[in-house]
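Worksheet: one structure, shown below.
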Amino acid sequence: IPLEIGLRPVDRDGATFVICSIVDITDRNAIMDQLRSKNKELQDFAYRIAHDIRSPLGNVQGLLELSKMQLDDPPKHLQTLELMESVARQLLLYTDDIISSALNSDDRPEPIKPLDLDQLKDRLNNRYGHTLEKESIDLHWDCQHHRVPRLSANLIEEILDNLVSNAIKYHSENRDSWVRITTFSDNESFYVQVSDNGIGIPTSQQSHVFEMFSRFHPTTNSGSGLGLYLVKKSVQKGNGTIHFDSDESGTRFYLKFPMVAAG
174 IPLEIGLRPV DRDGATFVIC SIVDITDRNA IMDQLRSKNK ELQDFAYRIA HDIRSPLGNV
234 QGLLELSKMQ LDDPPKHLQT LELMESVARQ LLLYTDDIIS SALNSDDRPE PIKPLDLDQL
294 KDRLNNRYGH TLEKESIDLH WDCQHHRVPR LSANLIEEIL DNLVSNAIKY HSENRDSWVR
354 ITTFSDNESF YVQVSDNGIG IPTSQQSHVF EMFSRFHPTT NSGSGLGLYL VKKSVQKGNG
414 TIHFDSDESG TRFYLKFPMV AAG
């Protein structure tokens, strides 16, 4: 047990006494360790943001200079503008993920309200409908339950949004692609499974899946590396658990949340 010992001499009635205080500083040390860990995480976060933003901004600058030289060649000029638009779009998505990460770092509890899976299903289908059709990906829902938990609807939507987005990004070009969302419940828990038949997560990288800025297929898609980190944070906010398995046939995420009685 870590202790802090203090000694203080006291003169009284011609005699000298020593007052000794012994304090258990276990909790203080734990708080200091937590602060050091948070500071290190913040430093790493700031470094990675600066690094990741600098690269696309440099690309935009180079494309702008190239664009100036192509004013007399409209087709090439238009192509360069489209490249700039693509880089700007990626930077905007990255910024959105950073904002979501900052909001998720807040430890305040999310407001609890009944989860409406039908509304959530409609929103995600509408959000990804065009991309799913363009990439020929089938998004299938299988909701087998009679009860749903009282959870923050925003949390569940953020979780499914990120998992579906990842499944779309990393779908396989070598087979008919699909994403399946399955939900069911019992008296104690609410379960969600998101599975796909995409390219999977390399075995060597699977232990880092939920770490900040983890990227597993940088040549396939230049994501922010924050998606699954945000998923884990959101699951924890909902007092839930998450695990996964992945291989060449695809990836499967398993989520479990406590069933809180309504009212």
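Mind the numbering: the sequence shown is residues 174 to 436 in the numbering used here, read in order.
All residues carry an ideal CB built from backbone N, CA and C; glycine is no exception.
- Y343 carries a coil assignment under DSSP once its states are collapsed to helix, strand and coil.
- By the CB criterion at 7 Å, D369 and A340 fall inside the cutoff.
- Our two residues, M242 and G231, have alpha carbons roughly 17 Å apart in a direct line.
- The DSSP-derived three-state label of D186 is coil.
- According to DSSP, V352 shares a beta bridge with L312 and D369.
- A distance below 8 Å between beta-carbons, with the five flanking residues on each side excluded, links V183 to the following residues of its chain, in chain order: T189, F190, V191 and I192.
- Counting only the Cα atoms, V365 lies some 12 Å from E330.
- In the structure shown, I195 falls within a strand segment according to DSSP collapsed to helix, strand and coil.
- Here D334 carries a helix assignment [DSSP, helix/strand/coil].
- G400 carries a helical assignment under DSSP once its states are collapsed to helix, strand and coil.
- Apart from sequence neighbours up to five positions away, no residue of its chain approaches K213 with a beta-carbon distance below 7 Å.
- The DSSP-derived three-state label of D420 is strand.
- For V196, the closest C-alpha among the options S210, L176, K342 and H313 is that of L176.
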